[in-house]
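In my numbering, the protein residues as written are 231 to 362.
Note that the Cβ used here is the ideal one computed from N, Cα and C, for glycine as well.
Please read the structure below before turning to the comments.
In structure tokens, the structure reads:
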């Protein structure tokens, strides 16, 4: 294949961190050169843009396991927050009619349910996830 094409690929791979290039650079160059069309002298604009974009994302740590854990933790916190908000809203909506005519001994616990749901909601919203 063309040494000029390989040089251009190496230049584009500079967007990746040096440690990443040391570990995977030769394999990436080999794959890119194998996928190149016969007589190709330069990478396509799409291919060049993709290499640079993925290199910058790798530098930013977008694909790291730490980033995935943070995303999962954030999604879980949001789900808990929404669940607590729903529980507090339903409990509060049922609170008035129950207080007017308590029918069973368990209905006396409804105010506690509302209080705990609201306290959990406030704790999670304030960042106290374990307490919430």
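Point to revise | Backbone secondary structure at residue 280 - three-state DSSP | key: helix
**Study point:** Buried versus exposed, by CB contacts within 10 Å (16 or more), residue 321
**Key:** buried
Point to revise | Close-in-space but distant-in-sequence residues of the same chain around residue 235 (CB under 8 angstroms, 5 per side omitted) | key: 263, 266, 270, 271, 272, 273
Point to revise | Span of the alpha helix (DSSP H) around residue 240 | key: 233 to 242
Review point. What three-state label does DSSP hand residue 246 in the structure shown?
Key: coil
Exercise for review: Mark residue 286 as exposed unless 16 or more other C-beta atoms lie within 10 angstroms of its C-beta, in which case mark it buried.
Suggested key: exposed
Point to revise | Member of 353, 351, 318 whose CA lies at the smallest distance from the CA of residue 341 | key: 318
Check your understanding: Where does residue 344 land, buried or exposed, given buried means 16+ other C-beta within 10 angstroms?
Key -> buried
Review point. Quick one: is residue 249 buried, meaning 16 or more other Cβ sit within 10 Å of its Cβ, or exposed?
Key: exposed
Point to revise | Proximity of residue 347 and residue 311 at Cβ, strictly below 8 angstroms | key: no
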